[in-house]
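Here the working numbering is used: the first residue of the sequence shown is 170, the next is one more, and so on. What follows is one structure encoded as structure tokens, with my remarks underneath.
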Amino acid sequence: ALFFGDSLITPAISVLSAVEGLKVVSPQLGKYVIYISLALVSILFAVEKFGTSKIGAFFGPIMLVWFATIGYFGLLEIIDKPSILRALNPMYGINFLLNHQGVSVAILGAIVLAITGGEALYSDMGHFGRSPIKFSWFLVVFPSLLLNYFGQGALLIADPKAIDNPFYRLAPDWALIPLIILASAATIIASQAVISGVFSITSQAVQLGYIPRLRVKHTSNKEFGEVYLSKINLFLFSGVVLLILGFKNSENLSHAYGISVTGAMLVDTILATYLLITVRKWNKLIFIPVFLVLLIIDVVFLSSNLVKFFDGGWLPIVIAGGLLTIMLSWITGRDRMLAARWQGSIKLNKFLSQLKRKKIKRVSGTAIFFVPNLAVVPMAMLHNLKHNKILHKRIVCMHLRFENFPKLRNDERLVIKHLGSNFYTIVVRYGFQEEPNIPRVLALLRANEFKFNMEETPHSLWVKLK
Numbered sequence: 170a171l172f173f174g175d176s177l178i179t180p181a182i183s184v185l186s187a188v189e190g191l192k193v194v195s196p197q198l199g200k201y202v203i204y205i206s207l208a209l210v211s212i213l214f215a216v217e218k219f220g221t222s223k224i225g226a227f228f229g230p231i232m233l234v235w236f237a238t239i240g241y242f243g244l245l246e247i248i249d250k251p252s253i254l255r256a257l258n259p260m261y262g263i264n265f266l267l268n269h270q271g272v273s274v275a276i277l278g279a280i281v282l283a284i285t286g287g288e289a290l291y292s293d294m295g296h297f298g299r300s301p302i303k304f305s306w307f308l309v310v311f312p313s314l315l316l317n318y319f320g321q322g323a324l325l326i327a328d329p330k331a332i333d334n335p336f337y338r339l340a341p342d343w344a345l346i347p348l349i350i351l352a353s354a355a356t357i358i359a360s361q362a363v364i365s366g367v368f369s370i371t372s373q374a375v376q377l378g379y380i381p382r383l384r385v386k387h388t389s390n391k392e393f394g395e396v397y398l399s400k401i402n403l404f405l406f407s408g409v410v411l412l413i414l415g416f417k418n419s420e421n422l423s424h425a426y427g428i429s430v431t432g433a434m435l436v437d438t439i440l441a442t443y444l445l446i447t448v449r450k451w452n453k454l455i456f457i458p459v460f461l462v463l464l465i466i467d468v469v470f471l472s473s474n475l476v477k478f479f480d481g482g483w484l485p486i487v488i489a490g491g492l493l494t495i496m497l498s499w500i501t502g503r504d505r506m507l508a509a510r511w512q513g514s515i516k517l518n519k520f521l522s523q524l525k526r527k528k529i530k531r532v533s534g535t536a537i538f539f540v541p542n543l544a545v546v547p548m549a550m551l552h553n554l555k556h557n558k559i560l561h562k563r564i565v566c567m568h569l570r571f572e573n574f575p576k577l578r579n580d581e582r583l584v585i586k587h588l589g590s591n592f593y594t595i596v597v598r599y600g601f602q603e604e605p606n607i608p609r610v611l612a613l614l615r616a617n618e619f620k621f622n623m624e625e626t627p628h629s630l631w632v633k634l635k
């Protein structure tokens, strides 16, 4: 839920901060920042439907140029002021916090902005895969960011007046406009990664039954996790537009940003620890001390940002609370509905053993029941048996299942199992890029051992259970 709030704030603050570079060129251009930001956000969400693999071919080279550029400008300042490299020693930071306790909380709340985006890596893992994220981070992103951050520090040591916008002050005057354009493109791309993470997380939440079902479009023939959800895209677009219009500049939004990022990281730390100890069976004596160190760091950063609660920090908490309420309501209602639906249900194997001992009239034809659970008797069949005292000669319980493959061949489509007494269970398998087609399934059945005519309605019964 916190990550959803983060996904609304990230595009808004990223685009605003990039376009605000126009104020460095000329203060008079500041009045156009909101309009340009809204236009860029509209482009960002308009291209989402094409999928990451298609737009990634265009985005990749831009990001390489972006990281090379910011790393280069930072390196130039480091060369002019190499003493900044002493900041690699963490004791300087620790001594500063200990000797300036009056501002230490504010400093911790501010430096969180330097690590934002890390909370989105786990959600993009299923979208892009582990290896691309790992290699791009260590080979390109991390070195470039370090060079730029140290370059900004070197610039501020040499010229404290550059504090108004040290990033753009790194560039010479002739490069300001090209850098603003490049930064705007880079923020759109970076925001796209967060949005892709939301699509991936939402798709997983739908599969787990945590939120209502949404239409999921798979945009890749290779990656199962590369998805697009039009309703979520519209929701995010509307939210980002409202944030830009409401907060108007990146400084105001930064107060809300820190809480969403540090809150998401704290939850990630707790969940990852639980997974590693309970599922991966890591040694508790070794890992718990590591977890406590990470937990203390996350709690300190979150606490430092909570002081901004009344200055906009309430926003991600309200968003997370609203989404959590929706999820809990859906889960509770769904569980109660399923419990009521399956109350009094009968296990299929138990029903078949009883059927052999009782004489029940069987009429000609094939009855096909779509069921969510192959282990229990379809309720529609029980009602038919209760009221009409008959069963069809052949009973088919059919279940749809989606696999982690793009497509399946027809000879892989059906898993047919004969249970005896002319009862069959059939699992119809589909790839994640395929749409269910029941007439084709029936044609496949006729090609196998099931000989029936769909035109002869007296001899077939079609029942669909939702």
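Beta carbons are placed, not taken as given, at the ideal position from N, Cα and C, and that holds for glycine. No experiment lies behind these values; they were computed from the predicted model shown.
TODO: Find out if the Cβ-Cβ distance for the pair G320, L244 is shorter than 9 angstroms.
DONE: The residue given as residue 320 occupies position 151 in the sequence shown. The residue given as residue 244 occupies position 75 in the sequence shown. Yes, the pair counts as a contact, with Cβ atoms nearer than the cut-off.
- [ ] Within the same chain, show all residues whose beta-carbon is closer than 8 angstroms to that of M550, passing over the 5 residues directly before and after it, in chain order.
- [x] Along the sequence shown, read from residue 1 onward, the residue named residue 550 stands at position 381. If we look at M550 and ignore the five residues flanking it on each side, its Cβ neighbours are A536, F538, L560, I564, V632.
Open item on the list: Residues in the same chain with beta-carbon distance under 7 angstroms from V409, minus the five sequence neighbours each way, listed in chain order, please.
Closed with: Position 240 of the sequence shown, counted from the start, is the residue given in the question as residue 409. L177, P180, A181, V210, listed in sequence order.
Task: Residue from G432, I370, Y337 with nearest C-alpha to L349 - done: The residue given as residue 349 occupies position 180 in the sequence shown. Leu is not the amino acid found at residue 349; the sequence shown has Ile there. For the residues G432, I370, Y337, the minimum Cα distance to I349 belongs to Y337.
Task: Sub-9 angstroms separation of I486 and F172 beta-carbons - done: Locating residue 486 in the sequence shown gives position 317, where the first residue counts as 1. Locating residue 172 in the sequence shown gives position 3, where the first residue counts as 1. Taking 9 angstroms as the Cβ cut-off, I486 and F172 do not qualify as a contacting pair.
- [ ] Would you kindly check if the distance between the Cβ of V396 and the Cβ of S372 is under 9 angstroms?
- [x] Locating residue 372 in the sequence shown gives position 203, where the first residue counts as 1. Locating residue 396 in the sequence shown gives position 227, where the first residue counts as 1. Taking 9 angstroms as the Cβ cut-off, S372 and V396 qualify as a contacting pair.
Open item on the list: On the criterion of 16 or more Cβ atoms from any shown chain inside 10 Å, does A275 qualify as buried, or is it exposed?
Closed with: One-based indexing of the sequence shown puts residue 275 at position 106. It is exposed - the Cβ of A275 has fewer than 16 other Cβ atoms within 10 Å.
Task: Span separating the alpha-carbon of F214 from that of N402 - done: Numbered from its first residue, the sequence shown carries residue 214 at position 45. Numbered from its first residue, the sequence shown carries residue 402 at position 233. One C-alpha to the other measures close to 7 angstroms.
Open item on the list: Does the structure place the stretch 307-316 close enough to the stretch 229-242 that three or more beta carbon pairs sit under 8 angstroms?
Closed with: yes
Open item on the list: Tell me the rounded alpha-carbon separation between S186 and M260.
Closed with: Residue 186 sits at position 17 when you count from the first residue of the sequence shown. Residue 260 sits at position 91 when you count from the first residue of the sequence shown. Looking at the two C-alpha atoms, the distance is approximately 31 angstroms.
TODO: Drop a sphere of 10 angstroms on the beta-carbon of F479, count the other beta-carbons inside from all chains shown, and report buried for 16 or more, exposed for fewer.
DONE: Indexing the sequence shown from 1 puts residue 479 at position 310. Classification for F479: exposed.
- [ ] Please look up how many angstroms separate the CB atoms of Y318 and A283, rounded, as I've assumed it's under 8 angstroms.
- [x] Looking up residue 318 in the sequence shown gives position 149. Looking up residue 283 in the sequence shown gives position 114. Y318 to A283, Cβ: 6 angstroms. Contact.
Task: Cut-off 6 angstroms between Cβ atoms - residues of its own chain near R531, not counting five sequence neighbours on either side - done: The residue labelled residue 531 in the question sits at position 362 within the sequence shown. Closer than 6 angstroms at the Cβ level, and outside the excluded window around R531, lie L560, K562.
Open item on the list: With DSSP as the reference, identify every bridge partner of F379, one or two as the case may be.
Closed with: Stepping through the sequence shown from its first residue, residue 379 is reached at position 210. With the sequence shown as reference, residue 379 is identified as Tyr, and Phe is not the correct amino acid for it. In DSSP, Y379 forms no bridge with anything.
Open item on the list: I want to know whether the stretch 426-446 touches the stretch 468-475 - three or more CB-CB distances under 8 angstroms.
Closed with: Segments in contact, yes.
Open item on the list: Excluding the 5 residues flanking I326 on each side, which residues of the same chain have their C-beta closer than 7 angstroms to its C-beta?
Closed with: As a working note, residue 326 is residue 157 in the sequence shown. Hits under 7 angstroms: K250, I253.
TODO: Measure the CB-CB distance between L277 and F470 and report whether it falls below 9 angstroms.
DONE: Within the sequence shown, residue 277 is the residue found at index 108, counting from 1. Within the sequence shown, residue 470 is the residue found at index 301, counting from 1. Yes; because the gap between Cβ atoms is below 9 angstroms, this pair is in contact.
Open item on the list: Measuring straight from C-alpha to C-alpha, what distance separates I500 and S514?
Closed with: By one-based count along the sequence shown, residue 500 stands at place 331. By one-based count along the sequence shown, residue 514 stands at place 345. Roughly 21 angstroms separates the two Cα atoms.
Open item on the list: Extract the residue ranges of the beta strand (DSSP E) inside the stretch 467-550, only unbroken runs of 3 or more that lie entirely within it.
Closed with: 530-539
Open item on the list: Counting C-beta neighbours from all protein chains within 10 Å, is the total for G481 16 or more, i.e. buried, or is it exposed?
Closed with: Your numbering for residue 481 matches position 312 in the sequence shown. The residue in question, G481, is buried, as its Cβ has 16 or more Cβ neighbours within 10 Å.
Task: With 16 other Cβ atoms within 10 Å as the buried cut-off, status of I239 - done: Taking the sequence shown and counting its residues from 1, the one referred to as residue 239 is at position 70. Under this definition I239 is a buried residue.
Task: 8 angstroms contact criterion, which I203 and I413 should meet: CB distance rounded - done: For this step, residue 203 is matched to residue 34 along the sequence shown. For this step, residue 413 is matched to residue 244 along the sequence shown. Their Cβ separation, rounded to whole angstroms, is 6 angstroms, which keeps I203 and I413 in contact under 8 angstroms.
Task: Distance, S522 Cα to A509 Cα - done: Position 340 of the sequence shown, counted from the first residue, corresponds to residue 509. Position 353 of the sequence shown, counted from the first residue, corresponds to residue 522. Whole-angstrom Cα-Cα distance: 25 angstroms.
- [ ] Using the Cα positions of D580 and L517, report the straight-line distance between them to the nearest angstrom.
- [x] As a working note, residue 580 is residue 411 in the sequence shown. As a working note, residue 517 is residue 348 in the sequence shown. Rounded to whole angstroms, D580 to L517 spans 27 angstroms at the Cα level.
Task: Span of the beta strand (DSSP E) around V409 - done: The residue labelled residue 409 in the question sits at position 240 within the sequence shown. From DSSP, V409 is part of no beta strand (DSSP E) but of the alpha helix (DSSP H) over 399-416.
- [ ] Would you mind sorting T626 into buried or exposed? The rule is 16 or more other CB atoms within 10 Å of its CB.
- [x] Within the sequence shown, numbered from 1, the residue matching residue 626 stands at position 457. Caution applies to T626, whose pLDDT of 37 falls short of 50 and renders its modelled position unreliable; the value that the coordinates give is listed next. Result: exposed.
- [ ] May I ask which residues mark the beginning and end of the alpha helix (DSSP H) holding H424?
- [x] To locate residue 424, count along the sequence shown from 1; it is residue 255. Note, H424: alpha helix (DSSP H), 419-447.
- [ ] Please look up how many angstroms separate the CB atoms of M496 and Y379, rounded, as I've assumed it's under 8 angstroms.
- [x] What you label residue 496 is simply residue 327 of the sequence shown in a count that begins at 1. What you label residue 379 is simply residue 210 of the sequence shown in a count that begins at 1. Between Y379 and M496 the Cβ distance is about 5 angstroms, and since that is below 8 angstroms, they are a contact.
Task: Buried/exposed call for Y593, threshold 16 Cβ in 10 Å - done: Position 424 of the sequence shown, counted from the first residue, corresponds to residue 593. By the 10 Å Cβ count, Y593 comes out buried.
TODO: Look at the alpha carbon of V272 and the alpha carbon of R382, and state the distance between them as a whole number of angstroms.
DONE: What you label residue 272 is simply residue 103 of the sequence shown in a count that begins at 1. What you label residue 382 is simply residue 213 of the sequence shown in a count that begins at 1. If you take the alpha carbons of V272 and R382, they lie about 47 angstroms apart.
- [ ] Quick one: residues in its chain with C-beta nearer than 7 angstroms to the C-beta of E603, no 5 flanking neighbours on either side, listed in chain order?
- [x] Here the question's residue 603 lines up with position 434 in the sequence shown. Answer for E603: K576, listed in chain order.
Open item on the list: For P335, count the other beta carbons within 10 Å of its own beta carbon; 16 or more makes it buried, fewer makes it exposed. Which is it?
Closed with: Taking the first residue of the sequence shown as position 1, residue 335 is located at position 166. Buried: at least 16 other Cβ atoms inside 10 Å.
TODO: Starting from I182, trace the alpha helix (DSSP H) both ways and give me its first and last residue.
DONE: Here residue 182 refers to the residue found at position 13 of the sequence shown. 171-188 is the span of the alpha helix (DSSP H), which, as asked, contains I182.
Task: Expected contact under 8 angstroms - CB spacing of L493 and A170 to nearest Å - done: Counting from 1 along the sequence shown, the entry for residue 493 is found at position 324. Counting from 1 along the sequence shown, the entry for residue 170 is found at position 1. Yes, L493 and A170 are in contact; Cβ-Cβ is about 5 angstroms, under 8 angstroms.
- [ ] State yes or no: is the C-beta of L435 within less than 9 angstroms of the C-beta of L464?
- [x] For the purposes of this step, residue 435 is taken as residue 266 along the sequence shown, with counting starting at 1. For the purposes of this step, residue 464 is taken as residue 295 along the sequence shown, with counting starting at 1. Their beta carbons are under 9 angstroms apart, which means L435 touches L464 by this criterion.
Open item on the list: Measuring only the C-alpha atoms, how far is N542 from F601?
Closed with: Residue 542 sits at position 373 when you count from the first residue of the sequence shown. Residue 601 sits at position 432 when you count from the first residue of the sequence shown. N542 and F601: Cα-Cα distance of roughly 20 angstroms.
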